[in-house]
């Protein structure tokens, strides 16, 4: 976080320096407000670039065996530019190395796996969760830390959905 603040200040000082050079090259014919104006615009541009680059940056940090299942983009009043292009603030990742076929039911297996939810906040948050999927009917239930089933965390997936495809079709191979 401190390096982000340092980069923000450097962007402002750099753009302010460029504006000061333009001011002096124009023999002081440009208005003086151009210096803080350039600095402010540069700092805002850096911040917007940093926020929109968060999702791609986090994806590059993921292991190769991870698959992004879904991402969630939102618009915020205090960031009016997000109404033109919503910003990704969270996403869910499947760890394909965690796929374990527990048992076979007919042609389709029961598969245990891990999902990780990443959320962009002041300090990025990661929420791991274990799941058990019955690929025959596309139903999944949550698992507690000790491996027991939590019937409250339950979902039914469409067979053409990305999570179902990645879990059930990958584990059949």
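Numbering (the working numbering), first residue to last: 6 to 178. Idealized CB from N, CA, C, for every residue including glycine.
Supposed contact pair residue 47 and residue 17 - C-beta distance, whole angstroms, cut 8 Å | 6 Å
Classify residue 126 as helix, strand or coil using the three-state DSSP reduction.
-> For residue 126, the secondary structure class from DSSP, reduced to helix, strand or coil, is coil.
Please name the residue in 168, 66, 130 and 84 whose C-alpha comes closest to that of residue 143.
-> 168
Going by DSSP, which residues form a beta bridge with residue 117?
-> 105 and 137
Would you list the one or two residues that DSSP bridges to residue 71?
-> 100
Does the stretch 109 to 117 come close enough to the stretch 80 to 88 that 3 or more CB-CB pairs lie under 8 Å?
-> no
Identify, in the order they occur along the chain, each residue of the same chain with its Cβ nearer than 8 Å to the Cβ of residue 8, setting aside the five sequence neighbours on each side.
-> none
So, is residue 44 buried or exposed, given that buried needs 16 or more other C-beta atoms within 10 angstroms?
-> buried
Buried or exposed: residue 102, going by 16 or more other Cβ atoms within 10 Å of its Cβ?
-> exposed
Kindly indicate which residue of 66, 62 and 136 has the alpha-carbon position closest to the one of residue 172.
-> 136
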